[in-house]
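Using my numbering, you'd call the opening residue of the sequence shown number 13 and step up by one each time.
Cβ atoms here follow ideal geometry from the backbone N, Cα and C, with glycine treated the same way.
Below you'll find the structure, written out as structure tokens, and then a few comments.
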Amino acid sequence: MRPIFAGIALAALSATAFADDWFSVYGDPVQEGAQDLIQIRPASISRGDHLTIEVRVTRSAVREAYGGGKYRGHHSTAQVDCSRNKAWYTQMKFYGEPQWAGPVIMSRSFEPGQAPVVFKDIPGQAERLVRAACRLPK
Numbered sequence: 013m014r015p016i017f018a019g020i021a022l023a024a025l026s027a028t029a030f031a032d033d034w035f036s037v038y039g040d041p042v043q044e045g046a047q048d049l050i051q052i053r054p055a056s057i058s059r060g061d062h063l064t065i066e067v068r069v070t071r072s073a074v075r076e077a078y079g080g081g082k083y084r085g086h087h088s089t090a091q092v093d094c095s096r097n098k099a100w101y102t103q104m105k106f107y108g109e110p111q112w113a114g115p116v117i118m119s120r121s122f123e124p125g126q127a128p129v130v131f132k133d134i135p136g137q138a139e140r141l142v143r144a145a146c147r148l149p150k
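Written as structure tokens, this is what we have:
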């Protein structure tokens with residue numbers, strides 16, 4: 013019986029460690045889709061002329077996606093220009109359920125500067141995301 017318990021405990025610990033790979037810029041990840049959540053993955057940051065980061069967002073209600081279509085969450089790649097305090101999406105995968113549950117229902121690719129990082133009805137959070145990404149260690 014102890015090996016089973018140890019296996020369950022190890023699996024739970026692994027899931028917790030994976031969840032900790034993400035830094036919450038806005039919201040509480042424990043709420044599980046009951047509220048808006050904006051996260052960046054610090055380990056994903058690559059540097060060049062601009063930072064490239066992974067962003068994931070879950071919304072408390074259905075939203076309209078860039079280019080049309082409804083979604084509740086997205087997992088995206090964004091570029092950040094720290095000198096201009098701006099960010100834009102380059103790729104987005106949209107989910108119909110909160111917390112990135114279920115299959116990807118649509119995906120989009122954008123040219124740099126075409127799809128600015130904004131969070132409708134959550135003022136100031138795009139700027140906060142840029143500040144957080146730009147302050148992470150090099």
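Quick check on Ser119: buried or exposed, where buried means 16 or more other Cβ atoms within 10 Å of its Cβ?
Label assigned to Ser119: exposed.
For the beta strand (DSSP E) containing Gln51, list its first residue and its last residue.
That run of the beta strand (DSSP E) goes Leu49 to Ser58.
Segment limits, alpha helix (DSSP H) that includes Gln137
Run containing Gln137: Gln137 to Arg147, per the alpha helix (DSSP H) assignment.
Name, in chain order, the residues that DSSP records as bridge partners for Trp100.
Trp100 is bridged to Gln91 and Pro128.
Nearest CA to the CA of Pro128: which residue from Gln103, Ser56, Gly114 and Pro115?
Of the residues Gln103, Ser56, Gly114 and Pro115, the one whose Cα lies closest to the Cα of Pro128 is Gln103.
Quick check on Ala99: buried or exposed, where buried means 16 or more other Cβ atoms within 10 Å of its Cβ?
So Ala99 counts as buried.
For the stretch 48–59 and the stretch 68–81, state whether three or more C-beta atom pairs, one from each stretch, are separated by less than 8 angstroms.
By the C-beta criterion, the stretch 48–59 is judged to be in contact with the stretch 68–81, since at least 3 inter-stretch pairs fall below 8 angstroms.
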